[in-house]
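Below is one structure, written out as structure tokens; the observations come after it.
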Amino acid sequence: MAKAAATTTSNAANNMLDVLIIGAGWSGLSAALKLSQAGRKVAVLEARERIGGRAFTHTWSDKTDVNDKSRTVAAASASDYWCDFGCSWMHGYLEGSPLKALTDRYGIAVTIPAARETVVVGEQGALPRELAQKLTANLGKAQEAAKGVAHDQSASPPDARTSLADFLYSDQSPLFAGLESEGEKKAARDLARMLHIPLGIELEKASLKWHGFEHAFAGTDAAPKGGFTSIINKLVDEITALGTAIHTSQQVHSVKDQHASSNVKVTTTQGHEYVARAALVTIPLAVLKKNAGALFEPALPERRLATIGRVSVGNLNKVLLHYVQPWWDANTGTFVVLPSAAPAPPSVTGEQKKLWELYASTTLIVSSLAGDAEVGKGASSSLLVMVGADAAKQLEAFERLDAGNALHAYLTARITGTDAPRPKHVFYSRWAKQPFTGGATTSPVSTASGTSPLDFEALARPLWNGRLGFAGEHTELNHRGSAAGAYVSGEREASRLVAYLDKLHPREQGKL
Numbered sequence: 001m002a003k004a005a006a007t008t009t010s011n012a013a014n015n016m017l018d019v020l021i022i023g024a025g026w027s028g029l030s031a032a033l034k035l036s037q038a039g040r041k042v043a044v045l046e047a048r049e050r051i052g053g054r055a056f057t058h059t060w061s062d063k064t065d066v067n068d069k070s071r072t073v074a075a076a077s078a079s080d081y082w083c084d085f086g087c088s089w090m091h092g093y094l095e096g097s098p099l100k101a102l103t104d105r106y107g108i109a110v111t112i113p114a115a116r117e118t119v120v121v122g123e124q125g126a127l128p129r130e131l132a133q134k135l136t137a138n139l140g141k142a143q144e145a146a147k148g149v150a151h152d153q154s155a156s157p158p159d160a161r162t163s164l165a166d167f168l169y170s171d172q173s174p175l176f177a178g179l180e181s182e183g184e185k186k187a188a189r190d191l192a193r194m195l196h197i198p199l200g201i202e203l204e205k206a207s208l209k210w211h212g213f214e215h216a217f218a219g220t221d222a223a224p225k226g227g228f229t230s231i232i233n234k235l236v237d238e239i240t241a242l243g244t245a246i247h248t249s250q251q252v253h254s255v256k257d258q259h260a261s262s263n264v265k266v267t268t269t270q271g272h273e274y275v276a277r278a279a280l281v282t283i284p285l286a287v288l289k290k291n292a293g294a295l296f297e298p299a300l301p302e303r304r305l306a307t308i309g310r311v312s313v314g315n316l317n318k319v320l321l322h323y324v325q326p327w328w329d330a331n332t333g334t335f336v337v338l339p340s341a342a343p344a345p346p347s348v349t350g351e352q353k354k355l356w357e358l359y360a361s362t363t364l365i366v367s368s369l370a371g372d373a374e375v376g377k378g379a380s381s382s383l384l385v386m387v388g389a390d391a392a393k394q395l396e397a398f399e400r401l402d403a404g405n406a407l408h409a410y411l412t413a414r415i416t417g418t419d420a421p422r423p424k425h426v427f428y429s430r431w432a433k434q435p436f437t438g439g440a441t442t443s444p445v446s447t448a449s450g451t452s453p454l455d456f457e458a459l460a461r462p463l464w465n466g467r468l469g470f471a472g473e474h475t476e477l478n479h480r481g482s483a484a485g486a487y488v489s490g491e492r493e494a495s496r497l498v499a500y501l502d503k504l505h506p507r508e509q510g511k512l
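Here's what the structure looks like:
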């Protein structure tokens, strides 16, 4: 990764920055690239020591010790394994995703996964294939029916407080079509709980009225080989080659409007001051919720603070279990493990019992990373487990090895019913605990009073006569909650700032 630049910047007139960008995640970097390409003088401040924000690729090798909790291997090699713990997919890769232009330009190969078998695991083990397929098809139809109810122009819209769960579990929902026993219907309800993972919130908190309101990139899913950090590194290289400095380990303490000079002054907790003609804030929404009230001078308008406060931030965490060899059927691509009311075995006690009960309370999506790909190209004898919504937040209270070993015991009991050697490497995310993230991404519109998709548009509106801009996935109505959404938000604000600066601070030929 490109090295951080020195962390001092003069505010003399000849060194005046055009734009100071706060945050070096997807949105901050995309804005920095476009502004730099436009010939504007830009600097980026990043609170973390690493660049990329919620784009984070973990790497490890067969030599990585079980007690090693390093984010990446010390000396990278072609035989290393990798796994993304933030954004995982480029959705709509062949249907218009802006991230395709990046992988094409940088020559980064991508993987478009082939269809592999999905096994749904119920209380008594794997469900019969025919039943699992019926449940999955019913869930898809129920989601489409929910969108139909939400968008029916010939009927009154649902009350905003009506939840997605209210419809999915109702008699009019296709979720239960063709199901006879109460056990099958319970399995259908439990399978629907897997939506907690992409939603980031419980079904009972997602508003039916706004379900499917957005028009996000969709279609072909693709993953960059080497992980999303490989794209971030190339972005950083291009940005810095254009002369833009990225200052890491710089936590912003205050953002002040210098109205008299039409500039913005930014101060960091490390004691550095930066002055620019405009500032672009790409701080994640969960962090703004904690800091926005005291971060800006003058304070943000009450209406903006209220919007920041009511937009929901979801929770999603991943747990990686790496083994010497698979103990599961490696031909299976995904296990969907439904909740279980069965008690933990007597041998499981203390923290391990609490974790067992946590895993058993929710629906887990378990992806097998064992496949036909070669080592170093994404394949490993590993399981990647996704935990969503409230359970994801609760998981963060436990330590890494406790979480991994308890999950191993739970999955072996549920999937095969037999013992297997413990994983040789465990890694997990705790996004809500990260002080510069505070959660996963924004969730769909919730049932909370007063919320609507317009909140995402409101969060994107510039302030201070255009000098203060905002970008990030939380500012994109259609592409909320995605890497592509963050990226296009940065491009959106860069275009706006170029027009703003060209009007107020036109460039002379060959000069800024």
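Numbering (the UniProt record's numbering), first residue to last: 1 to 512. Glycine included, each C-beta is placed from N, C-alpha and C at the ideal position. Remember, predicted model here, so these are calculated numbers, not experimental data.
Following the DSSP letters along the chain, one finds Thr332 inside the beta strand (DSSP E) bounded by residues Thr332 to Val337. Taking 9 Å as the cut-off, the beta carbon of His58 is found closer than this to the beta carbon of Arg71. Judged by their CB atoms, Pro326 and Ser368 are nearer to each other than the 9 Å cut-off. Linking Ile201 to Ser170 through their CA atoms gives a straight-line distance of about 19 Å.
By the beta-carbon neighbour count (other beta carbons within 10 angstroms, threshold 16), Gln153 is exposed.
Residue burial is scored here from C-beta neighbours: Asp419 has fewer than 16 other C-beta atoms within 10 angstroms and is therefore classed as exposed.
Rounded to whole angstroms, the gap between the alpha carbons of Glu184 and Asp190 is 10 Å. By the neighbour-count criterion, in which 16 or more other beta carbons inside 10 Å mark a residue as buried, Leu199 falls on the buried side. Note that the C-beta distance between Ala458 and Arg303 is below 9 Å. For the options Leu407, Glu396, Leu131 and Met386, the alpha carbon positioned closest to that of Ser181 is the one of Leu131. DSSP places Glu214 in the coil class of the three-state scheme, outside both helix and strand. Counted as a single uninterrupted DSSP element, the beta strand (DSSP E) harbouring Trp60 occupies residues Thr57 to Trp60. Per DSSP, Ala341 lies in no alpha helix (DSSP H) segment and is marked neither H nor E.
If you check the CB distance, Ser312 and Thr475 do not come in under 9 Å. Where Glu180 is concerned, there is no enclosing beta strand (DSSP E), because DSSP gives it neither an H nor an E.
Note: Val348 is not bridge-paired with any residue in the DSSP secondary-structure output. The beta carbon of Arg430 lies closer than 8 Å to those of Asn317, Leu395 and Glu396 in the same chain, with the five residues before and after it left out. When the beta-carbon positions are compared, Val336 and Thr118 come within less than 9 Å of each other. Under DSSP, Leu20 shares a beta bridge with Ala43 and Ala279. Non-local C-beta neighbours of Ala379 in its own chain, meaning closer than 7 Å and more than five positions away in sequence, comprise Leu369, Ala370, Gly371 and Ala373, ordered along the chain. Within the same chain, Val264 and Lys265 come within 7 Å of Gln258 by CB-CB distance, once the 5 residues on both sides are set aside. Assignment of beta-bridge partners to His474 by DSSP yields no partner. Counting C-beta atoms within 10 angstroms of its own C-beta, Thr442 has 16 or more neighbours from the protein chains shown and is therefore classed as buried. Under the DSSP assignment, Thr267 falls in the beta strand (DSSP E) whose first and last residues are Asn263 to Thr268. Where Phe167 is concerned, the enclosing alpha helix (DSSP H) starts and stops at Leu164 to Leu168. Shown here, Ser367 sits in a strand according to DSSP, grouped into three states. About 5 Å separates the CB atoms of Ser97 and Ala484; that is less than 8 Å, so the two are in contact.
Of the candidates Phe456, Ala32 and Leu175, the residue whose Cα lies closest to the Cα of Glu493 is Ala32.
One alpha carbon belongs to Gly140, the other to Gln124, and they sit about 24 Å apart. Ranked by how close their Cα comes to the Cα of Val252, the residues Pro301, Ala499 and Leu20 have Leu20 in first place. Residue environment analysis places Arg54 among the buried positions, since at least 16 neighbouring C-beta atoms fall within 10 angstroms of its C-beta.
Looking at Asn138, Phe167 and Ala137, the one whose alpha-carbon comes closest to that of Val149 is Phe167. The beta carbons of Ala330 and Ala344 sit no closer together than 9 Å.
Counted as a single uninterrupted DSSP element, the alpha helix (DSSP H) harbouring His196 occupies residues His196 to Leu199. If you check the CB distance, Ala286 and Thr447 do not come in under 9 Å. His322 carries a strand assignment under DSSP once its states are collapsed to helix, strand and coil.
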